[in-house]
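Trainee: Please see the structure below; I have some questions.
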Amino acid sequence: MYKLPKLPYKYADLEPYISKDIMEFHYKKHHQAYIDKLNSAIESIDSLKEVSDIIELLNMLRNGDVPEDVAQTVRNHGGGHYNHSLFWLCMKSGGSDMPDELVLAIKSSYGSVDNFLHSIEDMAMSIFGSGWLWIMPDLSLVTTPNQDNPIMATGVEPIAGLDIWEHAYYLDYKNVRLDYIKAWLKIADWESIAGRYFAQASASTQS
Ligand code: MN3
Numbered sequence: 010m011y012k013l014p015k016l017p018y019k020y021a022d023l024e025p026y027i028s029k030d031i032m033e034f035h036y037k038k039h040h041q042a043y044i045d046k047l048n049s050a051i052e053s054i055d056s057l058k059e060v061s062d063i064i065e066l067l068n069m070l071r072n073g074d075v076p077e078d079v080a081q082t083v084r085n086h087g088g089g090h091y092n093h094s095l096f097w098l099c100m101k102s103g104g105s106d107m108p109d110e111l112v113l114a115i116k117s118s119y120g121s122v123d124n125f126l127h128s129i130e131d132m133a134m135s136i137f138g139s140g141w142l143w144i145m146p147d148l149s150l151v152t153t154p155n156q157d158n159p160i161m162a163t164g165v166e167p168i169a170g171l172d173i174w175e176h177a178y179y180l181d182y183k184n185v186r187l188d189y190i191k192a193w194l195k196i197a198d199w200e201s202i203a204g205r206y207f208a209q210a211s212a213s214t215q216s
């Protein structure tokens with residue numbers, strides 16, 4: 010059975026960029042609902058209820074090891090659980106500076122950090138309807154609709170995720186998605202994102 014992960018900050022800590030009201034509702038209502046619906050879908054399925062790692066469950070989904078009658082529920086709500094768990098870790102009160110090594114890697118792919126940040130804005134703006142923007146371990150940017158994520162398609166874990174559902178910003182920014190994206194970039198926890206970048210880079214060197 011899956012549980013809400015502990016938030017690494019308080020609901021109000023991301024203000025003024027994301028309000029306490031959005032954080033509290035997003036975490037306690039939306040994320041909890043994904044977990045509840047995922048748990049109730051798998052509680053009677055022996056092969057799934059023993060799996061305690063959401064990444065393993067999403068890989069089973071990709072490999073066709075989730076029974077067809079619950080596959081869409083696992084996709085929507087298991088995706089919702091994984092995506093939000095990563096999303097919370099990508100933010101921090103006041104944000105954090107990019108470590109130098111990450112800056113170097115970004116410059117070699119994008120020419121400059123500004124280009125990279127503008128690419129994030131452009132890609133996130135291009136999403137039609139609800140979805141996510143992902144930063145991948147090779148620093149490429151990927152978008153997915155609904156609560157899908159790259160693990161479902163390729164097994165590769167993103168290093169950061171940005172929630173582009175209206176529930177993530179409407180209360181603060183109404184329909185002005187770009188203002189939300191720019192605000193998110195001010196509270197992005199680049200140290201946390203870089204930690205996942207370096208972990209995956211060293212894992213791929215060893216394999
Ligand atoms: Mn959300």
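The sequence shown begins at 10 in the numbering used here and counts up one residue at a time.
Idealized CB from N, CA, C, for every residue including glycine.
Using a Cβ-Cβ cutoff of less than 6 Å, which residues in the same chain neighbour Ala-192 once the five nearest sequence positions on both sides are dropped?
Mentor: As a first step, residue 192 must be located in the sequence shown, where it is residue number 183. Around Ala-192: Tyr-26.
Trainee: In the DSSP assignment, find the beta strand (DSSP E) that holds Trp-193 and state where it starts and stops.
Mentor: Walking along the sequence shown from the start, residue 193 turns up at place 184. Not the beta strand (DSSP E): Trp-193 falls in the alpha helix (DSSP H), residues 186-196.
Trainee: What are the complete beta strand (DSSP E) segments, minimum 3 residues, inside the segment 74-153?
Mentor: List check, beta strand (DSSP E) in window: 140-144.
Trainee: Please list, following the chain, all residues that have a C-beta closer than 6 Å to any non-hydrogen atom of the ligand MN3.
Mentor: This selection yields His-35, His-39, His-93, Asp-172, Trp-174, His-176 and Ala-177.
Trainee: Assuming Asp-30 and Leu-180 form a contact by the criterion Cβ under 8 Å, report the distance between their Cβ atoms to the nearest whole angstrom.
Mentor: Within the sequence shown, the letter at position 21 stands for residue 30. Within the sequence shown, the letter at position 171 stands for residue 180. Their Cβ separation, rounded to whole angstroms, is 6 Å, which keeps Asp-30 and Leu-180 in contact under 8 Å.
Trainee: Apply the 10 Å Cβ neighbour rule to His-90 and answer buried if 16 or more other Cβ atoms are within range, or exposed otherwise.
Mentor: In the sequence shown, counting from the first residue as 1, residue 90 sits at position 81. Under this definition His-90 is a buried residue.
Trainee: For Gly-164, does the three-state DSSP call read helix, strand or coil?
Mentor: Within the sequence shown, numbered from 1, the residue matching residue 164 stands at position 155. Residue state, collapsed to three classes: coil.
Trainee: Starting from the Cα of Gly-140, find the closest Cα among Tyr-119, Asp-123, Arg-186 and Met-107 and give me that residue.
Mentor: In the sequence shown, residue 140 corresponds to position 131, counting from 1. Considering only alpha carbons, the answer is Arg-186.
Trainee: Exposed or buried, what is Glu-166 when buried is set at 16 or more other beta-carbons lying within 10 Å of its beta-carbon?
Mentor: Sequence index remark: in the sequence shown, residue 166 carries index 157 (1-based). Classification for Glu-166: buried.
Trainee: To which residues of the same chain is Asn-85 closer than 7 Å at the C-beta, ignoring the five residues directly before and after it?
Mentor: To locate residue 85, count along the sequence shown from 1; it is residue 76. Result list for Asn-85: Asn-155 and Gln-156, in chain order.
Trainee: Determine the closest residue to Met-10 out of Glu-24, Gln-41, Met-32 and Tyr-36, with distance taken between C-alpha atoms.
Mentor: As a position in the sequence shown, residue 10 is number 1, starting the count at 1. Answer by Cα proximity: Gln-41.
Trainee: Along the chain, where does the beta strand (DSSP E) containing Leu-171 start, and where does it finish?
Mentor: Along the sequence shown, one-based indexing puts residue 171 at 162. Note, Leu-171: beta strand (DSSP E), 169-172.
Trainee: Answer yes or no: do Ser-102 and Asp-22 have a C-beta to C-beta separation smaller than 7 Å?
Mentor: Counting from one through the sequence shown, the residue named residue 102 turns up at place 93. Counting from one through the sequence shown, the residue named residue 22 turns up at place 13. The answer is yes: Cβ separation under 7 Å.
Trainee: Do you know whose CA, among Leu-67, Phe-125, Ala-177 and Gly-170, lies nearest Ile-202's CA?
Mentor: Reading the sequence shown from its first residue, position 193 is the one you call residue 202. That would be Gly-170, whose Cα lies nearest to the Cα of Ile-202.
Trainee: In whole angstroms, give me the CA-to-CA distance for Ser-105 and Asp-198.
Mentor: Taking the first residue of the sequence shown as 1, we reach residue 105 at position 96. Taking the first residue of the sequence shown as 1, we reach residue 198 at position 189. If you take the alpha carbons of Ser-105 and Asp-198, they lie about 5 Å apart.
Trainee: Mark Ala-208 as exposed unless 16 or more other C-beta atoms lie within 10 angstroms of its C-beta, in which case mark it buried.
Mentor: Locating residue 208 in the sequence shown gives position 199, where the first residue counts as 1. By the neighbour-count rule (16 or more Cβ atoms within 10 Å), Ala-208 is not buried but exposed.
Trainee: Would Pro-159 be called buried (16 or more neighbouring beta carbons within 10 Å of its own) or exposed?
Mentor: Working through the sequence shown from its first residue, we reach residue 159 at position 150. The residue is buried, with at least 16 neighbouring Cβ atoms inside 10 Å.
Trainee: State buried or exposed for Leu-47, treating a residue as buried only when at least 16 other CB atoms are found within 10 Å of its CB.
Mentor: For the purposes of this step, residue 47 is taken as the residue at position 38 of the sequence shown. It is buried - the Cβ of Leu-47 has at least 16 other Cβ atoms within 10 Å.
Trainee: Quick one: using the 10 Å Cβ neighbour count with 16 as the cut-off for buried, is Gly-164 buried or exposed?
Mentor: Residue mapping note: residue 164 aligns to position 155 of the sequence shown, counting from 1. When all chains shown are included, Gly-164 counts as exposed.
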